[in-house]
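Novice: Numbering (our numbering), first residue to last: 268 to 401. Note that beta-carbon positions come from the ideal geometry of N, C-alpha and C, so glycine has one too.
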């Protein structure tokens, strides 16, 4: 059964509204590591971003497994959306600054953290009842 889709603008708005998300990634033993995160989505580049401390488990695990598949999800009532793709951890100052700028727009300005990295997810699959049609 095909899930309904929404207009691109409604999808973009759903990913701009302030809400907590969940990041799912595989641990080395195959079990799932699921953590709450803030996510921003750049539809033009089909890129989801998660900022975090470089010493966090999620950052260390994904840095050790570049290209690992991950998903980020959010839900509001009956509405939900999941973005999936290959993840990479970047310490590049420009990439981190762009991720922080986008995070501040969706959530709030994060505290300063010299160890901050960005997890970039190259989105290649979208699931949910809030996903762009066509």
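#1: Leaving aside the five residues before and after residue 299 along the sequence, list all residues of the same chain whose C-beta is less than 8 Å from its C-beta, in chain order.
#2: Can you have a look at residue 364 and say buried or exposed, based on whether 16 or more other CB atoms are within 10 angstroms of its CB?
#3: Mind checking which residues open and close the beta strand (DSSP E) that includes residue 351?
#4: Is it the case that the Cβ atoms of residue 369 and residue 307 are separated by a distance below 7 Å?
#5: Could you check what DSSP says for residue 373 in three-state terms: helix, strand or coil?
#6: Residues in its own chain within less than 6 Å of residue 399 by CB, not counting five upstream and five downstream?
#7: If I follow the unbroken beta strand (DSSP E) through residue 301, where does it start and stop?
#8: Counting beta carbon pairs with one atom in the segment 327-338 and one in the segment 351-360, are three or more of them shorter than 8 Å?
Specialist: In terms of the structure at hand:
#1: 291, 292 and 293
#2: exposed
#3: 346-357
#4: yes
#5: helix
#6: 275 and 278
#7: 299-304
#8: yes
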